[in-house]
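**Student:** Mind looking over this structure? Questions follow.
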C-alpha cells in the first residue's frame with residue numbers, strides 16, 4: 001500500500017466528534033432496542049486514539065459506566081490475535097502458513113484433519129462442520145476440557161469438500177492454538193503476553209479470567225423478551241480451556257486501540273513495528289484474501305483472510321457478526337465514490353459482543369465493545385452507523401428500521417421455532433414404553449455423551465455430558481422423535497442461545513425395539529444430523 005501522509009490528529013479528532021454527534025441518537029436507541037446495557041466506542045488511526053465515548057452501564061445493578069480500562073470479553077475478535085501469534089512464529093522461521101498441522105501435533109498425525117494447513121484452519125476453509133454445541137453449555141459453562149479439543153476435531157464430519165466453502169469452525173482455531181504452544185514451548189497466554197501484550201503495554205488484556213479483586217470488569221447480560229437484563233456468568237473460555245485460541249481473550253478499549261493502531265501503522269507504512277518484531281510481509285499475509293464468503297446480493301469482494309473478514313465497499317458489512325443471517329437485506333455502506341476496503345471482525349458470546357473494523361486506505365479504524373448479545377448485535381450496527389456517517393458526512397440508510405427488524409427477529413426466534421415444529425409434525429400415536437429410549441449415547445469422538453433418563457413423572461430428559469445443570473426435558477413429537485424447545489424467556493433463564501427449529505429435535509434410531517442410537521442435528525451444515533451411538537458403559 002502506498003504510504004499515506006502524516007495525519008492531523010486534532011483535525012481528525014474534531015471530525016469524529018462531529019460524526020458521533022450525527023450518530024449518537026441512533027446508537028443509543030440501538031442499545032435500547034437490542035437490550036445492550038453498555039457500550040465502549042473508540043476510533044483510532046495509525047498513530048493515536050482519535051475519539052472515544054462510553055454509553056450505559058458496565059454494571060447495571062450498581063449503575064457503573066464503562067471507561068477506557070473496563071475489561072470486556074471480546075469473543076471471536078481473539079482470532080486476529082491468534083493469527084498475529086502465528087505471524088510471530090513465521091517471522092521467527094519456526095513454521096509457515098502452509099505447514100500441515102500434523103507436523104506439530106502428534107495426536108493429529110495420520111488423521112485426515114492432520115493434512116490441513118495452518119492457513120486452512122485460520123481461514124475456515126477445511127469444510128468441517130462447526131459443532132459448537134459440543135462444547136458450549138448453558139450460562140457460559142464449557143462442556144469439554146482443553147485436552148479434548150483436538151480429539152473432537154479429528155471426529156468432525158465434513159459439511160463440504162475441503163477448500164470449497166467457508167464454514168466457521170472454532171475447533172480449527174483450537175488446533176492452531178495447540179500449534180502455537182507446541183512450537184513456542186509456552187502456553188498460548190504466555191506467548192501472547194510476551195510477544196504482543198507486554199511490548200504494546202496492554203496491561204488490561206488477559207487470556208485468563210481477570211483477577212477477582214478487579215472491579216472494572218463489564219458484567220455480562222442477556223435480555224428477556226421485555227428487554228429486562230438478566231446477568232449471566234461471564235464467558236469462561238481462557239488459555240486453559242477448549243477453544244482457547246478462538247475466543248479466550250478479554251481486553252479493554254484502551255488496549256484494543258493500541259493493538260489495532262499498531263497493525264494499521266504496519267499496513268499503511270510498510271514498516272516494521274520494533275515492539276512486535278514481526279516482518280511486515282507476515283502481517284500483510286494475515287489480511288490476504290483466502291476464502292470467498294459468498295454473501296447474497298453482494299457483487300464486490302467479501303472474503304475471509306486469517307482471523308479477519310474483508311469487505312470492499314459499497315457493500316453490506318454484517319457477514320461476520322451477531323446480525324449475520326438475521327435479515328433478508330442489509331444496508332449498503334459506502335458508494336462508488338467512497339469505496340474503501342474494510343478489514344473487520346465481530347465477536348459474540350453469551351453476555352458479550354464486539355466489533356472491529358479498519359479502513360487502511362483512509363487510515364482509520366473503529367472498535368465497539370458491548371456487554372450483551374442482545375436481541376440483535378448492537379456493536380455491529382454501531383460500527384456500521386459510524387462508518388456511514390464518516391464516509392458520507394450524514395446518515396442516509398434507515399438504520400432504525402434495520403435495527404428494529406433484526407431485534408424483532410431475535411426476540412421472536414423461539415416463536416418461529418414452535419411454528420416450524422408445528423408445521424413439520426406428522427400424525428402418530430403415543431411413543432409407547434419410554435424405557436426403550438433411555439441410555440447413554442456417545443458422539444463418535446467419545447468425548448461427548450448424552451444421557452437419556454426417565455424422570456419421576458415418567459417423562460424423558462436428556463443430560464448433556466450427564467450433567468444435571470445441562471438437563472433438558474424431552475416431549476414426544478412424532479414417531480420416535482422428541483423435542484426440547486422452550487419459550488424465549490426460558491432460553492434466557494437457561495443461559496442459552498436461540499437455535500433453528502431443527503436443533504431442538506432428537507430422533508431415536510430403534511433397533512429390535514430399543515433405541516440403538518439417537519440423531520441430533522447440531523450444525524446447519526449437516527442436514528442429516530450427527531449420530532450418537534448407545535453405549536451404557538458411561
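Numbering (full-length UniProt numbering), first residue to last: 1 to 538.
From the three backbone atoms N, C-alpha and C, an ideal C-beta is built for every residue, glycine too.
1. Roughly how many angstroms separate the alpha carbons of residue 426 and residue 130, rounded to a whole number?
2. Which term fits residue 193, buried or exposed, when burial requires 16 or more other beta carbons within 10 angstroms of its beta carbon?
3. Using CA coordinates, which residue listed in 52, 78 and 79 is at the minimum distance from residue 66?
4. Could you work out which residue in 77, 76 and 340 is closest to residue 316 when comparing CA atoms only?
5. How about residue 314 and residue 335: do their beta carbons lie closer than 8 Å?
6. If I measure Cβ to Cβ from residue 204 and keep anything under 7 Å in the same chain, skipping five residues before and after, which residues do I get?
7. Roughly how many angstroms lie between the CA atoms of residue 382 and residue 403, to the nearest whole one?
8. Tell me the DSSP bridge mates of residue 206?
9. Taking residue 483 as the reference, give the member of 504, 77, 470 and 266 with the closest Cα.
10. When we look at the beta-carbon of residue 398 and count the other beta-carbons within 10 Å, is it buried (16 or more) or exposed?
11. So, for residue 312: in the same chain, excluding its five sequence neighbours on each side, which residues have a beta-carbon less than 6 Å away from its beta-carbon?
12. Does the count of Cβ pairs from the region 319-327 and the region 118-129 closer than 8 Å reach three?
13. Between the Cα of residue 177 and those of 245, 506 and 9, spot the shortest distance and give me the residue it belongs to.
14. Near residue 355, what residues of its chain come up, given a Cβ to Cβ distance below 6 Å and the 5 sequence neighbours on each side ignored?
15. Count the other C-beta atoms from every protein chain shown that fall within 10 angstroms of the C-beta of residue 181, then say buried if there are 16 or more, exposed otherwise.
16. Using 8 Å as the Cβ pair cut-off and three pairs as the minimum, do the region 95-113 and the region 450-463 touch?
17. Less than 8 Å between the C-beta atoms of residue 372 and residue 223, yes or no?
18. Return the residue from the list 64, 62 and 41 that minimises the CA-CA distance to residue 54.
19. Helix, strand or coil: how does DSSP classify residue 40 here?
20. Just mark residue 447 as buried or exposed, buried being the case when its beta carbon has 16 or more other beta carbons within 10 Å.
21. In chain order, what residues of the same chain have a beta carbon less than 8 Å from the beta carbon of residue 395, not counting five sequence neighbours either side?
22. Among 216, 343, 338 and 289, which residue has its Cα nearest to the Cα of residue 73?
23. Only counting runs of 3 or more residues, tell me where the beta strand (DSSP E) segments fall wholly within the region 278-349, in order along the chain.
24. Just curious, the alpha helix (DSSP H) that residue 172 is in, first and last residue?
25. Please classify residue 348: is it buried, with 16 or more other beta-carbons within 10 angstroms of its beta-carbon, or exposed?
26. Identify the continuous alpha helix (DSSP H) that holds residue 498 and give its terminal residues.
27. In three-state terms, what does DSSP make of residue 381?
28. Residues bridged to residue 514 by DSSP?
29. Flag this pair as touching only if the region 148-165 and the region 432-450 have three or more C-beta atom pairs under 8 Å; answer yes or no.
30. Between residue 260 and the rest of its own chain, which residues show a CB-CB distance below 6 Å, the 5 nearest in sequence each way excluded?
31. Could I get the ranges of all uninterrupted beta strand (DSSP E) runs contained in the region 347-422, with 3 residues as the minimum, in chain order?
32. Between the Cα of residue 133 and the Cα atoms of 63, 493 and 443, which residue gives the shortest distance?
33. So residue 540 is in the alpha helix (DSSP H); what residue range does that whole segment cover?
34. Exposed or buried, what is residue 293 when buried is set at 16 or more other beta-carbons lying within 10 Å of its beta-carbon?
35. With three or more C-beta pairs closer than 8 Å as the rule, is the region 229-246 touching the region 133-149?
36. Quick test of your reading: residue 264 and residue 358, contact by CB under 8 Å. State the CB separation rounded to the nearest angstrom.
**Tutor:** Once the coordinates are examined:
1. On the chain shown, position 426 is the one that residue 426 refers to. On the chain shown, position 130 is the one that residue 130 refers to. A straight line joining the alpha-carbon of residue 426 with that of residue 130 spans about 29 Å.
2. Within the chain shown, residue 193 is the residue found at index 193, counting from 1. Residue environment: residue 193 is assigned as buried (16 or more neighbouring CB atoms within 10 Å of its CB, all protein chains considered).
3. By one-based count along the chain shown, residue 66 stands at place 66. If we check each option's Cα against that of residue 66, 52 comes out closest.
4. To locate residue 316, count along the chain shown from 1; it is residue 316. Of the candidates 77, 76 and 340, the one whose C-alpha sits nearest the C-alpha of residue 316 is 340.
5. Indexing the chain shown from 1 puts residue 314 at position 314. Indexing the chain shown from 1 puts residue 335 at position 335. Result yes, Cβ atoms of residue 314 and residue 335 sit closer than 8 Å.
6. The residue labelled residue 204 in the question sits at position 204 within the chain shown. Hits under 7 Å: 69, 71, 251, 252, 254 and 255.
7. Here the question's residue 382 lines up with position 382 in the chain shown. Here the question's residue 403 lines up with position 403 in the chain shown. Note on geometry: alpha-carbon atoms of residue 382 and residue 403 lie some 10 Å from one another.
8. The residue given as residue 206 occupies position 206 in the chain shown. Beta-bridge pairing by DSSP links residue 206 to 250.
9. To locate residue 483, count along the chain shown from 1; it is residue 483. Nearest option by C-alpha distance: 504.
10. As a first step, residue 398 must be located in the chain shown, where it is residue number 398. Around the beta carbon of residue 398, a 10 Å sphere encloses fewer than 16 other beta carbons of the protein chains shown; the residue is thus reported as exposed.
11. Position 312 of the chain shown, counted from the start, is the residue given in the question as residue 312. For residue 312, where only same-chain residues beyond five positions count, the Cβ hits under 6 Å are 300, 301 and 341.
12. Of all C-beta pairs linking the region 319-327 to the region 118-129, fewer than three are shorter than 8 Å, placing the two stretches out of contact.
13. Within the chain shown, numbered from 1, the residue matching residue 177 stands at position 177. The residue with the shortest Cα to Cα distance from residue 177 is 245.
14. Counting from one through the chain shown, the residue named residue 355 turns up at place 355. Here residue 355 has 346, 368, 379, 380 and 383 as same chain residues with Cβ atoms under 6 Å from its own Cβ, once five neighbours each way along the sequence are excluded.
15. In the chain shown, counting from the first residue as 1, residue 181 sits at position 181. Buried, since its Cβ has 16 or more Cβ neighbours within 10 Å.
16. No: the two stretches stay apart, fewer than three of their Cβ pairs being nearer than 8 Å.
17. Counting from one through the chain shown, the residue named residue 372 turns up at place 372. Counting from one through the chain shown, the residue named residue 223 turns up at place 223. In this structure, residue 223 lies closer than 8 Å to residue 372 by Cβ.
18. Along the chain shown, read from residue 1 onward, the residue named residue 54 stands at position 54. The residue with the shortest Cα to Cα distance from residue 54 is 41.
19. The residue you call residue 40 lines up with position 40 of the chain shown. In the three-state scheme derived from DSSP, where H, G and I count as helix and E and B as strand, residue 40 is classed as strand.
20. If you number the chain shown from 1, residue 447 lands on position 447. Burial call: buried.
21. The residue labelled residue 395 in the question sits at position 395 within the chain shown. The beta carbon of residue 395 sits closer than 8 Å to the beta carbons of 22, 23, 26, 385, 388 and 389 from its chain, once the five residues preceding and following it are set aside; these are given in chain order.
22. Looking up residue 73 in the chain shown gives position 73. With distances taken between CA atoms, residue 73 lies nearest to 216 out of 216, 343, 338 and 289.
23. The qualifying runs are 302-304, 309-312 and 341-349.
24. Counted from its first residue, the chain shown places residue 172 at position 172. It spans 170-184 - the alpha helix (DSSP H) in which residue 172 sits, taken as one unbroken run.
25. Within the chain shown, residue 348 is the residue found at index 348, counting from 1. Here residue 348 is buried, its C-beta having at least 16 other C-beta atoms within 10 Å.
26. If you number the chain shown from 1, residue 498 lands on position 498. Note, residue 498: premise wrong, no alpha helix (DSSP H); not H, not E.
27. By 1-based counting over the chain shown, the position of residue 381 is 381. Here residue 381 sits in helix by DSSP.
28. On the chain shown, residue 514 is found 514 positions in, with the first residue counted as 1. For residue 514, the beta-bridge partners assigned by DSSP are 511.
29. Contact holds between the region 148-165 and the region 432-450, because three or more Cβ pairs, one in each stretch, are under 8 Å apart.
30. Within the chain shown, numbered from 1, the residue matching residue 260 stands at position 260. Around residue 260: 365.
31. 352-359 and 364-370, all fully within the region 347-422.
32. Counting from one through the chain shown, the residue named residue 133 turns up at place 133. The option with the nearest alpha carbon to residue 133 is 443.
33. What the structure shows of the chain is the stretch from 1 to 538, and residue 540 is not part of that stretch, so it cannot be assessed.
34. Along the chain shown, one-based indexing puts residue 293 at 293. Around the Cβ of residue 293, a 10 Å sphere holds 16 or more other Cβ atoms; the residue is buried.
35. Between the region 133-149 and the region 229-246, the count of Cβ pairs shorter than 8 Å is three or higher; the stretches touch.
36. To locate residue 264, count along the chain shown from 1; it is residue 264. To locate residue 358, count along the chain shown from 1; it is residue 358. 6 Å between Cβ atoms; contact.
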